[in-house]
Amino acid sequence: MARSIGIAAQLLPGASLAVLYSLGMIELKQAAANDQSIEFVCHACGQTYSFSPEEIAGLVN
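Numbering follows my numbering, in which position 8 of the sequence shown is assigned residue number 4; successive positions increment by one, without gaps.
Shown next, in the form of structure tokens:
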């Protein structure tokens, strides 16, 4: 189950991780533990950024 997050700013390279970390470590750990992906869309450019449960687990462990 993916969770969608809308943002309204163009992202610089690497900024997608900053947005992901803005969710907080507790929520990231829960997503990884529950095998959930996280996806967000930049409302300025329409780019979709997706993180698999494995990618999220790699960031929080």
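By construction, the Cβ of each residue, glycine as well, lies at the ideal position given by its N, Cα and C atoms.
CA nearest to the CA of residue i, picked from the options
i                : options                : result
asparagine 57    : Gln32, Met21 and Tyr45 : Met21
serine 33        : Ala40, Glu50 and Gln43 : Glu50
phenylalanine 36 : Glu23, Phe47 and Leu55 : Phe47
Contact under 7 Å by Cβ, residue i with residue j
i           : j          : result
alanine 53  : alanine 14 : no
tyrosine 45 : serine 12  : yes
**Message:** For a minimum of 4 consecutive residues, which ranges assigned as the alpha helix (DSSP H) are wholly contained in the region 15 to 55?
**Reply:** 21 to 29
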